[in-house]
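In the working numbering, the protein residues as written are 1 to 340. Using N, Cα and C, we set each Cβ at its ideal position, and we do this for glycine too. For clarity, every value in this text was computed on a predicted model and none was experimentally measured. Right, one structure below, let's go through it.
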């Protein structure tokens with residue numbers, strides 16, 4: 001299939017693992033050294049055996065750390081995440097789309113190049129897949145294979161600390177659950193549908209905090225009721241589901257970061273713990289405001305910056321009426337945010 005994007009701009013910088021067996025994970029990073037050890041250890045523990053990591057011109061020593069890891073294939077490119085790609089390097093359905101960036105080439109191309117015909121994961125470095133006690137990725141794959149599904153949805157659950165003091169006290173690394181205390185909004189966020197992306201049913205903590213501290217307009221009572229009972233394609237703060245584990249077939253491609261052309265399970269929903277409100281967000285805000293960041297127009301970063309500044313001024317808490325502590329997979333299952 002000559003038309004398949006294969007991220008031809010990407011080269012192996014260190015430790016080519018493309019011919020080695022083992023469950024792979026694809027990741028694109030920039031300046032994530034503090035979180036990398038925990039990320040690697042977490043995914044190793046649940047069954048990942050090879051990491052294909054494209055470093056997007058980090059300046060904090062991330063590549064040096066990764067080159068010390070025998071199960072990491074370090075990749076590099078002369079292009080940058082946010083650059084506009086050659087349309088011919090994109091999947092066919094995206095060649096006439098607006099606002100395409102190199103990440104749209106990489107998400108599909110890296111899977112085609114390193115994971116074709118295999119089960120594989122792709123996520124961001126601040127996303128930690130949580131499985132039931134005693135379950136590992138081979139068990140998930142066995143369930144999906146029996147169902148005849150090509151993959152499984154990860155529902156992003158934004159975690160947050162108790163308050164700004166707790167955020168400031170978090171170490172730069174070693175802060176993930178269960179080492180530190182984390183909370184989430186204990187409302188059902190998603191519902192599964194056959195052959196379609198999950199529906200969103202909750203506004204999410206991002207919206208809750210932005211309304212309280214960043215002057216974002218809230219939904220009307222009617223809109224909230226429709227969201228809760230009928231669901232929407234996305235939450236007020238965006239799409240919070242993504243295909244986390246897939247059996248990658250030639251001809252498949254990412255339509256965006258949250259959707260591929262593959263048919264995923266309508267029976268299993270796995271929580272994807274998202275460490276959004278961490279010490280790293282302060283560094284990302286400084287970088288985004290000076291260098292442009294990854295978000296179009298930086299609207300997300302600007303809103304978070306306003307929100308955190310107001311929370312500091314008020315000495316406010318992240319906690320709300322529906323906040324619950326994260327205690328493991330069962331705490332997410334009880335609130336409707338995990339289905340196994």
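Presumed contact (8 Å Cβ cut-off) between residue i and residue j, rounded CB distance
i	j	result
residue 167	residue 7	So it is not a contact: roughly 36 Å between Cβ atoms.
residue 93	residue 255	7 Å
residue 159	residue 326	6 Å
residue 240	residue 155	7 Å
residue 46	residue 136	5 Å
residue 178	residue 207	With a Cβ gap of about 27 Å, residue 178 and residue 207 do not count as contacting.
Burial state of residue i (16 or more Cβ within 10 Å)
i	result
residue 343	Past the edges of the chain, shown from 1 to 340, lies residue 343, and the structure says nothing about it.
residue 60	exposed
residue 297	The predicted model places residue 297 with a pLDDT of 48, which falls under 50 and marks its position as unreliable; any figure quoted below should be read in that light. Burial call: exposed.
residue 122	buried
residue 230	exposed
residue 341	Given a span of 1 to 340 for the chain in the structure shown, any question on residue 341 remains unanswerable.
residue 246	buried
residue 222	exposed
residue 204	buried
residue 21	exposed
residue 186	buried
Three-state class that DSSP yields for residue i in the structure shown
i	result
residue 34	coil
residue 211	helix
residue 262	coil
residue 140	helix
residue 109	helix
residue 19	coil
residue 307	helix
residue 67	coil
residue 11	strand
residue 295	With a pLDDT of only 49 at residue 295, under 50, the local geometry of the prediction cannot be trusted, and the value read off the model is given with reservation. Coil.
residue 254	strand
residue 147	helix
residue 130	coil
residue 206	helix
residue 42	helix
residue 56	coil
residue 115	helix
residue 338	coil
Range of the contiguous beta strand (DSSP E) that encloses residue i
i	result
residue 197	196 to 200
residue 330	First-last for residue 330: 329 to 334, but that is the alpha helix (DSSP H), not the beta strand (DSSP E).
residue 91	Taken as a continuous stretch (DSSP letters only), residue 91 belongs to no beta strand (DSSP E), as it is neither H nor E.
residue 242	241 to 247
residue 193	190 to 193
Start and end residues, alpha helix (DSSP H) containing residue i
i	result
residue 167	164 to 169
residue 229	221 to 229
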